[in-house]
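Numbering (UniProt numbering), first residue to last: 1 to 678.
Structural data, given as structure tokens:
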């Protein structure tokens, strides 16, 4: 006798998300996905709110106080009013503007040039991109150490090389430098250009990677159509390349400007704001008042005065990008008026960059006339050379000489790439060869460019005289843990802001990005007090907790763009097949977002690997120091163990460089969908 089994009832499929008519009153008020959004945004809200916004609020309160001996007295707005007549503050603001503006101009020019050169390379592009990324991954303390040694007026290799080639005397005769040999960091007229040079050297890789991602996202059909229509190389560049890079240029320049404007470590380690105050940015002025002079209220006021300026720029950026990505169609009866408004907005948007460029140029000419004409000469030479090569190539192409034009174009590209690689790899080569010199060669400055003989003496002395292995392990643990925390929080928050519908999404995005505005030079004071209360100082947990707060905004921004680029139909299909929203996120969205997640991981890991200020303040015991702080502690007064520092720099840089070289393809894909479409 056979048992009759009841027919299996097919599993009920979950219906897609409810439409507007089926929303509850709370959902109509707070948004359809407000519950899930609150869950996904909670980790980031706790970190950013507790470790950034709360310290900012404490800084605001501090700015209204003044220390009188052991007592703290409420003084209202007196600290802000005092800044009106503070010449040091005025100098700091002008220095920050000059430092940022010139650095961004040269970063854009060199970064775009490098990206164009690499974009057309068929072979070796990953290796070349990995080499160009090295300055960005090298810790700031290594950058400052290497460039201070190279720019030394007597023993530095820069003066030696320029003198040997005859370029140095030529610079003096052209009045680009006042005298020769030049005192790059000690001469008031050259200190700021030198600091800008080092910042450009360190920042060009970031621009190159972002622009390379943007170039990859531009459809090849546009170039083919322009070529068929008879467009020259310059016309294709101005009408196809630049419009295609508009988003990535806007995002990259804005983010880099905020970082540069708030830069502290590099300037402090290179010049400490000197000679005098010619290189002191406003952040260093705030640090000097708050930490060195113990005027916490005055220091906080210096930083908070600049907060609305940068905050306004970030807010405008967010609004522009959100408007570009979500343009709503108008009602038919208002279509004509809408079209007229769009035309006016389009004209204004096209004219805005030129107006901003003219305004910035005028301000630079007024604020730094000596630097202005020197920078104009350098940029003019670069553009003239590029224009001349392009003209020759176009002329040969028009005359039918394809082989000749290809030869000239290839030769020009290789020469430009060789010059760029020499600029990028020169300091790194000096670090590498110094690491393999004997102590006698380092002290006597013999065999400066090629050790004779090569030796491992500096590596042995490094591990014998310093707890370098412990520093290395601490840095590895802190970087891995903080990267994991940032990756989880950024993935959840990025998905919520890209996919979920809830009230306050734009406000939350602006708030997250505004955390970039407050420099760490002032935030570490209230953070240090909070960590003391939690008994987390002198422990690696203090760094694990605080490091993600300043990498999360960019990581979230990147992932918002990447999640938005994933077709929503894939997620909707998963919902129809019975997955919940969380399951669709874990099984569909995250696997497709691996390039974006890897890009975020690489950026976050690099920031944690290089961080100096927080580790310098929060950690005082040798057994808990990270590599940047440990290497800085190797310098005792005027005694600089250059050989050991070079060996340490080499060991610090190699793992990250290898990791970037292996992950170059995924990094580019992540930036293509993130920074470009975000």
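Glycine included, each C-beta is placed from N, C-alpha and C at the ideal position.
Checking 8 Å against the spacing of the C-beta atoms, do residue i and residue j come in under that value?
i: residue 604; j: residue 483; result: yes
i: residue 373; j: residue 630; result: no
i: residue 613; j: residue 524; result: yes
i: residue 528; j: residue 618; result: yes
i: residue 106; j: residue 48; result: no
i: residue 79; j: residue 380; result: no
i: residue 51; j: residue 545; result: yes
i: residue 248; j: residue 263; result: no
i: residue 184; j: residue 176; result: no
i: residue 253; j: residue 108; result: yes
i: residue 131; j: residue 421; result: yes
i: residue 540; j: residue 624; result: yes
i: residue 479; j: residue 455; result: no
i: residue 508; j: residue 41; result: yes
i: residue 43; j: residue 488; result: yes
i: residue 416; j: residue 171; result: no
i: residue 39; j: residue 115; result: no
With a threshold of 6 Å on Cβ separation, who are the neighbours of residue i within its own chain once the five nearest residues in sequence on each side are excluded?
i: residue 450; result: none
i: residue 206; result: 136
i: residue 259; result: none
i: residue 644; result: 458, 461 and 462
i: residue 606; result: 137
i: residue 87; result: none
i: residue 659; result: none
i: residue 147; result: 198
Just reading off the alpha helix (DSSP H) that residue i is part of, what are its end residues?
i: residue 66; result: Taken as a continuous stretch (DSSP letters only), residue 66 belongs to no alpha helix (DSSP H), being part of the beta strand (DSSP E) at 65 to 68.
i: residue 612; result: Where residue 612 is concerned, there is no enclosing alpha helix (DSSP H), given that its DSSP letter is neither H nor E.
i: residue 537; result: Neither: residue 537 is in no alpha helix (DSSP H) and is coded neither H nor E.
i: residue 38; result: 34 to 48
i: residue 632; result: 627 to 633
i: residue 56; result: 54 to 62
i: residue 453; result: From DSSP, residue 453 is part of no alpha helix (DSSP H); its letter is neither H nor E.
i: residue 268; result: 265 to 270
i: residue 167; result: 167 to 173
i: residue 147; result: 140 to 150
i: residue 701; result: A question about residue 701 goes unanswered here, because the residues of the chain that appear run from 1 up to 678.
i: residue 90; result: 87 to 119
i: residue 295; result: Taken as a continuous stretch (DSSP letters only), residue 295 belongs to no alpha helix (DSSP H), as it is neither H nor E.
i: residue 78; result: 78 to 82
i: residue 439; result: 439 to 444
i: residue 581; result: 581 to 584
Considering only residues of the same chain and omitting the five flanking positions on each side of residue i, which have a CB-CB separation below 7 Å?
i: residue 336; result: For residue 336, the predicted structure reports a pLDDT of 42, less than 50, and the residue's modelled location is therefore unreliable. The matter cannot be settled from this model.
i: residue 434; result: 442, 642, 643 and 646
i: residue 111; result: 204, 207, 208 and 211
i: residue 141; result: 269, 612, 628, 631 and 632
i: residue 490; result: 552, 555, 556, 559 and 600
i: residue 620; result: 538
i: residue 588; result: 570, 571 and 574
For the beta strand (DSSP E) holding residue i, just list the boundary residues, first then last.
i: residue 71; result: 71 to 74
Tell me which same chain residues have a C-beta within less than 8 Å of the C-beta of residue i, skipping the five on either side of it?
i: residue 610; result: 137, 138, 139, 140 and 628
Check the Cβ-Cβ distances between residue i and every residue of chain D, and say whether any is below 8 Å.
i: residue 156; result: Note that chain D does not occur in the displayed structure, where there is just one protein chain.
* Between the segment 148 to 160 and the segment 274 to 281, do at least 3 Cβ pairs fall closer than 8 Å? -> no
* **Cβ pair count under 8 Å reaching 3, the segment 300 to 308 against the segment 642 to 651** => no
* Determine contact between the segment 548 to 563 and the segment 491 to 506, defined as no fewer than three beta-carbon pairs at a distance below 8 Å. => yes
* Asked: Are the segment 565 to 580 and the segment 503 to 511 touching by the rule of at least three beta carbon pairs closer than 8 Å?
  -> no
* Asked: Between the segment 264 to 276 and the segment 188 to 201, do at least 3 Cβ pairs fall closer than 8 Å?
  -> yes
* Asked: Is the segment 82 to 101 touching the segment 350 to 370 in the sense that three or more CB pairs, one from each, lie closer than 8 Å?
  -> yes
* the segment 73 to 82 / the segment 50 to 64 touching (three or more Cβ pairs under 8 Å) -> Short answer: they touch.
* **Cβ pair count under 8 Å reaching 3, the segment 213 to 231 against the segment 123 to 132** => no
* Asked: In the segment 462 to 512, which residue ranges form an unbroken alpha helix (DSSP H) of at least 4 residues, counting only runs that do not cross its ends?
  -> 468 to 499
* **the segment 228 to 242 contacting the segment 158 to 177, beta-carbon criterion three pairs below 8 Å** => no
* To do: Entirely within the segment 197 to 263 and at least 4 residues each: give me those alpha helix (DSSP H) ranges in chain order.
  => 220 to 228, 233 to 236 and 246 to 261
* **Those runs of the beta strand (DSSP E) which lie wholly inside the segment 523 to 577 and span at least 3 residues** => none
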